[in-house]
Amino acid sequence: MKRSLTSVATAAALLIAGTHGVLAAEQISVLHWWTSGGESKAIRVLKDDMSKQGYEWKDFAIAGGAGAAAMTALKTQVISGNAPSAAQIKGPLIQDWAEQGSLVTIDQSATDWKAHTPARIDSSVKAGGHYVAAPFSVHRINWLWINKADLDKVGGKPPTTWPEFFALADKFRAAGITPVAHGGQPWQDMTIWETVVLSQGADFYRKALVDLDQKTLTSPQMVQVFETVQKIRTYFDKGYHGRDWNLATAMVISGSGGMQFMGDWAKGEFANANKKADVDYICAAAPGTSNAYTYTADTFVFYQQNGKKDATPGQLALAKTIMSVDFQQQFSLYKGSIPVRLDVPMDKFDSCAKKSRADEQATIQSGGFLPSLAFGELQSPVTAGAITDVVTNFMNSNEDPKEGVRKLAAAAKVK
Ligand code: GAL
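This is the structure we're talking about:
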């Protein structure tokens, strides 16, 4: 009798354990778009951390900067009933998914988050008073990256105004260097355009892109924005169409390109190529934007699994790990961002990250800390998409800036 009970118990254990004889670990499926050199290094830290905790990581990495392809894949997965355990989502989309009732709350993992996170980001990861997303880090968008050897070669200095910028671009061109390394994809076009909007002042950016104020959108200042963008375009090389952002960064790393407008994930590429801030490259606030800070905060949301309303142990562990001090530090060192947690020591970070932290804090005080439209932090995908179409069409045609402004004002009304 005793013997047969033992064998029943063993058989049951084997059933649970599956064919490998070990208890099956919870599988965590994760959808994200971090596929460049620096990005993959950063997400691997999380994967390794979760593996050490005994979870099996199933990676859904969907290439495509800024995540447009990833968002399409995500919708397909959710509609077909295969929602991932976690997905990279940000801005108003977090609330949209929460309203649809697809997400789980992760309050249990978020016990000390509020005290250590910038208030605006803390509220953006909640829905209905509950935490539904875990924030990784803060990326600054309004950067200009400059190859230091190129800069020294032409005897230039980081430009703080548009006239200085164009003067430097002319020097680069005369020296046979592509002045502006750019990838002609809609979100990269938006990065430049949005940064030029910001150069008209934080108030102008707020009225134009946060409030979508028609008077500001149609102002002579907005015409100037389009004129400036049109002029910047004349400093791209011929091969810019469709180029991925990290290939444009590679041009600045090698020195074939002098400058790039890009968020500080570009720094992840410099770091991955063993290049050092201030020695090999310079990070400067884009012309006219030193007192402002456009940001995007990467976050993961957590989808209900197998129709259960509660988070799984793996989801709770993932959320907790993302917001742990050690992970936050290592992730941002690879990614080029700054930790979203304010209590992470900054001594291991370079001068760009330290400047980013200082400017983040200063602009939170001054009102210059602004969500990025280009990176889905601001308007609904419909409105942001309509504006993106206008900007991208403008950058790929010889449209009159006044016509660009007229179309922009109409796009801002698309809801
Ligand atoms: C952004 C994201 C960054 C970076 C970038 C390029 O949307 O916030 O983390 O990955 O896309 O892929």
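All the letters of the sequence shown, read from the start, carry residue numbers 692 to 1106 under our numbering. Yeah, the Cβ is synthetic: ideal placement off N, Cα and C, and Gly gets one too. Predicted model only: the values in this text are computed from it and were never measured.
The ligand GAL and glutamate 918: does any heavy atom of the ligand fall closer than 7 Å to the residue's C-beta? Shortest gap from the CB of glutamate 918 to any heavy atom of the ligand GAL: 7 Å or more.
Under 5 Å, CB to nearest heavy atom of the ligand HEM: contacting residues: With respect to the ligand HEM, the structure offers nothing, as its ligand set consists of the ligand GAL.
Our contact map puts tryptophan 936 next to glycine 756 with C-beta atoms below 8 Å; I'd like the distance itself, whole angstroms only. With a Cβ gap of about 5 Å, tryptophan 936 and glycine 756 count as contacting.
Tell me, which residues are paired with cysteine 974 by DSSP? In the DSSP assignment, cysteine 974 is bridged to Trp836.
Can you list the alpha helix (DSSP H) stretches of 4 or more residues lying completely in the segment 766-802, in chain order? Fully enclosed alpha helix (DSSP H) runs of 4 or longer: 783-790.
In three-state terms, what does DSSP make of leucine 705? Only weak support exists for where leucine 705 lies, its pLDDT of 39 falling under 50; the value from the coordinates is given anyway. DSSP places leucine 705 in helix when its eight states are reduced to three.
Alpha carbon to alpha carbon, how far is arginine 1097 from arginine 831? Give it in angstroms, no decimals. Their backbone Cα atoms lie some 29 Å apart in a straight line.
C-beta contact flag for leucine 835 and methionine 942 at 8 Å: No, Cβ-Cβ distance for leucine 835 and methionine 942 is not below 8 Å.
Rounded distance between the beta-carbons of alanine 1010 and serine 800, thought under 8 Å: At roughly 4 Å, the Cβ-Cβ gap stays under 8 Å, so serine 800 and alanine 1010 are in contact.
Relative to the C-alpha of lysine 862, which residue among Gln879, Lys844, Trp878, His873 is closest? If we check each option's Cα against that of lysine 862, Lys844 comes out closest.
Check whether chain C comes within 8 Å of glutamine 718, counting only Cβ atoms and requiring the distance to be less than that. Of the protein chains in the structure, only one exists, and it is not chain C.
Suppose you measure from the CA of isoleucine 1025 to the CA of lysine 906; what does that come to, to the nearest Å? What sits at residue 1025 in the sequence shown is tyrosine, not isoleucine. Here the alpha carbon of tyrosine 1025 sits roughly 42 Å from the alpha carbon of lysine 906.
Taking contact to mean 3 or more Cβ pairs, one atom from each stretch, closer than 8 Å, check whether the segment 1021-1040 and the segment 848-859 are in contact. These segments do not touch.
Can you list the alpha helix (DSSP H) stretches of 4 or more residues lying completely in the segment 834-922, in chain order? Within the segment 834-922, the complete alpha helix (DSSP H) runs of at least 4 residues are 839-844, 853-865, 877-889, 893-896, 905-908.
The beta strand (DSSP E) spanning lysine 749 covers which residue range? 747-752 is the span of the beta strand (DSSP E), which, as asked, contains lysine 749.
What does a CB cutoff of less than 7 Å around glutamine 891 pick up in its chain, not counting 5 residues either side in sequence? If we look at glutamine 891 and ignore the five residues flanking it on each side, its Cβ neighbours are Gln912, Val916.
For leucine 1069, which of Ala964, Gly1027, Arg864, Gln786 has the nearest alpha-carbon? Among Ala964, Gly1027, Arg864, Gln786, the Cα nearest to that of leucine 1069 belongs to Gln786.
Look at leucine 908 and alanine 1103 and say whether their C-beta atoms are less than 8 Å apart. A contact, by the Cβ cut-off of 8 Å.
Residues bridged to valine 992 by DSSP? Per DSSP, Ala778, Ala824.
Compare the Cα-Cα distances from glutamine 779 to each of Leu1064, Thr763, Ser1071 and report the closest residue. Out of Leu1064, Thr763, Ser1071, Thr763 has the C-alpha closest to the C-alpha of glutamine 779.
Under DSSP, the alpha helix (DSSP H) around glycine 1005 begins and ends at which residues? Unbroken alpha helix (DSSP H) run through glycine 1005: 1004-1013.
On the CB-based measure, 16 or more other CB atoms within 10 Å of its CB, does aspartate 841 come out buried or exposed? Within a 10 Å sphere around the beta-carbon of aspartate 841 sit 16 or more other beta-carbons, which makes this residue buried.
Please classify proline 1004 as buried or exposed, where buried requires at least 16 neighbouring CB atoms within 10 angstroms. Under this definition proline 1004 is an exposed residue.
Of the listed residues Val823, Glu1051, Thr919, nearest to alanine 1002 (C-alpha basis): Among Val823, Glu1051, Thr919, the Cα nearest to that of alanine 1002 belongs to Val823.
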